[in-house]
Amino acid sequence: MLAYIVRRLLLAVMTVWAISVLSFMIIHLPPGDYVTSYIASMSASGSAVSEGEAQALRQQLGLDQPITIQYLKWMGLMLQGNFGMAMEWGRPVSDVIGDRLTLTMVISVAAIIFTWGIALPIGIYSAVYPYSFLDYVFTFIGFIGLAIPGFLLALVVMYVGFAWFGANVGGLFSPDFAEAPWSLEKIWDLTKHLPIPAIVLGVAGTAQLIRIMRSNLLDELRKPYVMTARARGLSEYRVVMRYPVRVALNPFVSTIGYLLPYVVSGSIIVSLVLSLPTVGPLLLKALIAQDMFLAGTIILLLGVMTVIGTFISDLLLMWVDPRIRFGRE
Amino acid sequence: MKLMRAVIVLAGLGVLGTLAIQSGEAVAQAAAPPKIGSSLIGKLEGPTIVLDAKTFPKAFKEAPQLAAQVKAGKLPAVAKRLPEPSQLFVVKPLHEIGKYGGNWRRAFTGPADHENGNRINSIDKILTFDYTGTKIIPALARDWKVSPDGKTTTIYLRKGARWSDGTPFTANDFMFWYNEIYLNKNIVPTPFFEFQINGKDGVMKKIDDFTVAFEFPEPYSYFVAQLAGSTSIGAGLATRGGFQNFGGAYAPAHYLKQFLPKFSSEEAVTKKAKDLGFDSWVSLLKNRYSWALNNELPVMTPWKTVSPINTPTWSMERNPYFWAVDTAGNQLPYIDRITMTLAENTEVANLRAIAGEYDIQERHMGLAKLPVFLENAKKGNYTVRLDPALNGSDATIHIGNAFEADPEIAKFLKNKDFRHALSLGIDRDQLNEAFWLGVGTPGSVAPAPDTLYSPGAEWNKKYATLDVKQANELLDKVGLTKKDGDGFRLRTDGKGRLRIELVTIGGQFVPFTAIGEMIKQQWRKIGIDLDVKELERNLAFTRNGTSENQMLTWANDGSEMIYLFPRHALPVDAAEAHMGQAYARWYASRGTTGKKPDDPEMLRAFDLFRNAFGASEEERVNNGKELWKIIVEQMWSIGTVGQSPAVMGVRIVKNNMGNVPERQVNAQHARTPHSSMPISFYFK
């Protein structure tokens, strides 16, 4: 089993390296570079960059060097724990991402709690009472949630909030608190703003999880051991929760691998629409501006999170499911 | 209905570029009756500055918060913070003497939006333009003089003026910038175009503590305008200092020395940079040099940064040492704070403006949303003002005059009659109604008739009115006589239909792609098959660099001041030249790289342009008019609709704001809204 873990670890390191090469290449795929984009964006906003300034910028940012040299430079920096400079921000990449990481994680975790908190009980209920009235109602609502794109829902929720409830449009804080240092009032302000993004982000995933939970549990409930348990006179609660639900949870555990990158990135489009200061819009803007170290680091971070997440879910599966654990030994 | 339409507009404009165009059209069509906005364009007005020192105020007052600090002994008295009484910058506010206080709420869209705050604080330019955008007036410098031979421009600083930390501001801050920043090749590797005349460098000299001279080897009388314009050398420390540029002609020596190797050692500054996570001392210097990123940087601006631009709120507070007063002796600015909240996209900014969450906001407000702005004006307690720009065309079809890939198409693009025919085939009134809600002015690329270099109103209409008959005659004349079954003209080399490609860029202030599609329909009548191709902005700009675009739509903003910002009128700036970048490279490198234009008129325009910089004012104005005549006649770019508020000209002003002009000049060189002097705005 130890050999298995070591092998997985080595593979993970190789994957991360491959991701770093790929992410660097992806950023260089579009034509032009950061300076082209800077000139264009200045021109679009009624300002200007002169040719001399453009050349100076290219030289300072090392954009005049071949791509391999740029990559090696970036790698060299990263091995020292430095992710380079975010060109558009004029600050180290780690600072720029760090600023937004906490809030991103708060929002994502809130969304996940919302999703799981809704999806698991409903999934269980739907499986235990399949084709009941409430099953249909939940299924219907779930599918609506699945069918509406998150950004559209965000727009509608935001407009309704503004038009009827006088809520601040977008963002995570009221203007009074945006600048204030952290305090109980500020946390309360954040808590008040959190439900909208959490619900909008969570709704789409809910239907999917309900369906997965429902079908897995249905499969399990039909198995003979459940019948045996019932025959032995166990309470209905124990019959359902003790084994079938645990088995049905397997797919959830294996999706943890995808949850980790989600937690650090948030959703790009929804965050953009709701004007949430998360990593998602940061990535989008960095890609548009061809801010290569910033975009590269975020993509790499997402890759690393996926790798770590997959690794953790492998371990968790071994722990949750005795069949995997014993099958290996 | 109201709500629904707002939702549709927002949903459409929000995320998907294509949707944006369609709903933009929907709004435009729903916006009848036409001329919806013409009643919103008021009288051009603004504050003036008092130049006669005899009439200057003698006693001074200050904001209550500063008075409290003086009382507590934390600040010197107001008279001690201001320059000597005869050296003040005295503003006569537009309407009345204002009141102190208030927090000006605005939107910004992230660290790339530094111009948002720069333009409010642009009074730290050496010289500037008045509220009409035509007359040069003092700003940071109290006066200037050009030597009779035009080779030397001398500026006089305000004695007793201080940096925001109280350190005296002197000629040494100019010399520090010149010797330690500008001449340091690690920081500024390429000299600024504006600091050269015909490729020869200028030098900066200190005459005394409050006098600085700029000397050039050849006459350069236009340098005064460079100091007043939005240029690398003249746009001030806030705008052009640091971050990406290191321009601005002065810098706080006492603060910045600690980041330069010369004043400690290469190792020491490198270590300092690495410790803070920067990859080199230049990167750290860039960061520390920027007023928007670094709230410790001493500035000469009316407001200084508190919470930097890379946080969700970019906020500023008054500079206690700001060097201006009103005519009653009140130290300016009136407004205590500016708080800009981050809008991750401009739609959120527009929705918040509709909700009345911004006090004055002209940046990021979309013309297509005008109906929604007007519907909610009462509820949001704001007034909508439109500020038409001075440039001729917001959606200009720049011809790729240096395009070569397809010799047949290149041949026609280089043919003046062909270009005229294309222009005559455009129905600009239809475009104006559909995309500018009727508030633009149809015409050529020539600037507004009341601008300095306008050759006259007739040139705004020249070859710029719909005349299908004449267009067809011209196209027949150039040899495009054969047509296919659908009525489209055929190529003369026998390779089928003549298809011309127009590159458009999405997500801009005006919907270039939808405009292109309408022109495509209009050109059917003259038998020209247009292929509208939307490209991502970087791709379009990169293709420009290699002269691969046959035609590209982009604005011609800034071109009204053709010598300050020629790039949208003539291919002379290699950084951006949509009408032939190879030619621009040739011009900028004085013939060493790039391609020499084969059009003798373009060479004549280049000569006229080059000669203007050393010429007398009168000569230069005549020269500029002649240039515009050539540009309109030769039509290297085709104008459509301009002089409109589409770009930064839709202004939302809360009804409790005072001294805000009905109309302000909307121009790059005026650095709108700086020309309206935000230091004199106040909360009633």
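Sequence lines, in order, name chains A and B. Going by this note's numbering, the letters in the first sequence line up with residues 1 to 329, in that order. Going by this note's numbering, the letters in the second sequence line up with residues 1001 to 1684, in that order. Backbone N, C-alpha and C define an ideal beta-carbon position, used for all residues, glycine too.
Here N1103 (chain B) carries a strand assignment [DSSP, helix/strand/coil].
Cα atoms of N1666 (chain B) and A1448 (chain B): separation of roughly 12 Å, rounded to the nearest angstrom. With 16 or more neighbouring CB atoms inside 10 Å of its own CB, R1663 (chain B) falls in the buried class. Boundaries of the beta strand (DSSP E) harbouring D1143 (chain B): A1141 to V1146, taken from the DSSP string. Residue-level contact check: S1393 (chain B) does not touch chain A, since none of the beta carbons of chain A fall below 7 Å from its beta carbon. The three-state reading of DSSP puts Q1196 (chain B) in strand, counting E and B together.
Looking from the CA of P1312 (chain B), the closest CA among A:G84, A:T306 and A:T278 belongs to A:T278. Distance between K1483 (chain B) and G1443 (chain B), taken at the CA atoms: about 29 Å. For I1528 (chain B), the secondary structure class from DSSP, reduced to helix, strand or coil, is coil.
Under the Cβ criterion of 7 Å, P1645 (chain B) is not counted among the residues facing chain A. Contact of R1663 (chain B) with chain A is not assigned, every C-beta pair being separated by 7 Å or more.
DSSP lists B:I1652 as the beta-bridge partner residues of Q1361 (chain B). About 6 Å separates the CB atoms of V1146 (chain B) and V1224 (chain B); that is less than 8 Å, so the two are in contact.
At least 7 Å separates the CB of V1503 (chain B) from every CB of chain A. When the Cα atoms are used, S275 (chain A) and I196 (chain A) turn out to be separated by approximately 12 Å.
Interface residue (Cβ-Cβ distance to chain B less than 7 Å): W89 (chain A) is classified as such.
Closer than 7 Å to the CB of G1277 (chain B) there is at least one CB belonging to chain A. Distance between I1679 (chain B) and R58 (chain A), taken at the CA atoms: about 36 Å. Restricted to the stretch 23 to 100 of chain A, not a single beta strand (DSSP E) segment is unbroken, complete and at least 3 residues in length. Counting along the chain, D1476 (chain B) sits inside no beta strand (DSSP E); it lies in the alpha helix (DSSP H) bounded by residues V1468 to K1477.
For D1149 (chain B), the closest C-alpha among the options B:F1216, B:F1210, B:A1161 and B:G1102 is that of B:F1216.
For I1505 (chain B), no alpha helix (DSSP H) run applies; the uninterrupted beta strand (DSSP E) run containing it begins and ends at R1499 to I1505, by DSSP. Excluding the 5 residues flanking it on each side, P30 (chain A) has same chain C-beta neighbours closer than 8 Å at Q290, in chain order. If one requires a minimum length of 3 residues, the beta strand (DSSP E) runs lying completely within the stretch 1529 to 1565 of chain B are 1529 to 1535 and 1551 to 1554, in chain order. When the alpha-carbon of T1305 (chain B) is set against those of B:A1343, B:E1084 and B:N1116, the nearest one is in B:N1116. V1269 (chain B) is classed as buried because its beta carbon has at least 16 other beta carbons within 10 Å across all chains shown.
Our two residues, V157 (chain A) and F133 (chain A), have alpha carbons roughly 28 Å apart in a direct line.
Residue state for P1597 (chain B) is assigned as coil, using DSSP reduced to three classes. Within the model, the alpha-carbon separation for Y1358 (chain B) versus N1460 (chain B) is close to 36 Å. Cβ neighbours of V1070 (chain B) within its own chain (closer than 8 Å, five residues either side excluded): E1062, P1076, A1077 and V1078. The stretch 1587 to 1601 of chain B makes no contact with the stretch 1245 to 1255 of chain B; the number of CB pairs closer than 8 Å stays below 3. L9 (chain A) has its alpha-carbon roughly 10 Å from the corresponding atom of A3 (chain A). Runs of the beta strand (DSSP E) lying entirely within the stretch 1157 to 1218 of chain B and spanning at least 3 residues, in chain order: 1203 to 1208 and 1211 to 1215.
Distance from the CA of D314 (chain A) to the CA of Q70 (chain A), rounded to the nearest whole angstrom, comes to 35 Å.
For Y1382 (chain B), no alpha helix (DSSP H) run applies; the uninterrupted beta strand (DSSP E) run containing it begins and ends at Y1382 to L1386, by DSSP. Only those residues of the stretch 114 to 139 of chain A whose C-beta falls short of 9 Å from the nearest C-beta of chain B would be listed, and there are none.
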